[in-house]
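Sequential numbering of the sequence shown, starting at 24, is according to the working numbering. From the three backbone atoms N, C-alpha and C, an ideal C-beta is built for every residue, glycine too. Being a predicted model, the structure only gives us computed values, none of them experimental. Report on the structure given below.
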Amino acid sequence: MFQGIIWALIVGFTPFTLLGKDHIVTQKGKQFSQTDLQIAPGDTIVFKNDDDTIHNVFTASEAIKFNLGVQKAGTELRREFATAGEAEIRCAIHPKMKLKIVVKK
Ligand SMILES: [Cu+2]
24 MFQGIIWALI VGFTPFTLLG KDHIVTQKGK QFSQTDLQIA PGDTIVFKND DDTIHNVFTA
84 SEAIKFNLGV QKAGTELRRE FATAGEAEIR CAIHPKMKLK IVVKK
């Protein structure tokens, strides 16, 4: 009985453990909430805009390239990082906003 419950838990939760974690990065005061962030492949960064102005998260790094586009105040955007590498995240509107992301196992 007890073993059955354990087994059910293992089977039930395995798919979730294979999925990546969410990491929250807040944009407030025209700054990212952290300057460096290490995550694992498969993890997702949730970019929250807690300012009352727009932001535009992007990176032109070699290994990882993306542009989340214009992000309205009070919204959040998600980006999954499937592969290992490094990215210097910037805001296209506020050049002082910088966040270095390292994706590694
Ligand atoms: Cu910005």
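Assign residue i to one of two classes, buried (16 or more other C-beta atoms within 10 Å of its C-beta) or exposed (fewer than that).
| i | result |
| --- | --- |
| residue 57 | exposed |
| residue 122 | buried |
| residue 113 | buried |
| residue 94 | buried |
Quick one: is the Cβ of residue i within less than 6 Å of any heavy atom of ligand 1?
| i | result |
| --- | --- |
| residue 78 | yes |
| residue 68 | no |
| residue 112 | no |
| residue 47 | no |
| residue 116 | yes |
Out of the options, state which residue places its alpha-carbon closest to the alpha-carbon of residue i.
| i | options | result |
| --- | --- | --- |
| residue 128 | 103, 64, 112 | 64 |
| residue 108 | 86, 118, 115 | 86 |
| residue 97 | 88, 111, 72 | 72 |
| residue 125 | 76, 82, 100, 53 | 82 |
| residue 117 | 89, 60, 51, 101 | 51 |
| residue 43 | 105, 76, 49 | 105 |
Does the separation of the CB atoms of residue i and residue j fall below 7 Å?
| i | j | result |
| --- | --- | --- |
| residue 110 | residue 79 | no |
| residue 103 | residue 67 | yes |
(message) Report the start-end ranges of each alpha helix (DSSP H) in the stretch 40-93 that is 4 residues or longer and not cut off at the edges.
(response) none
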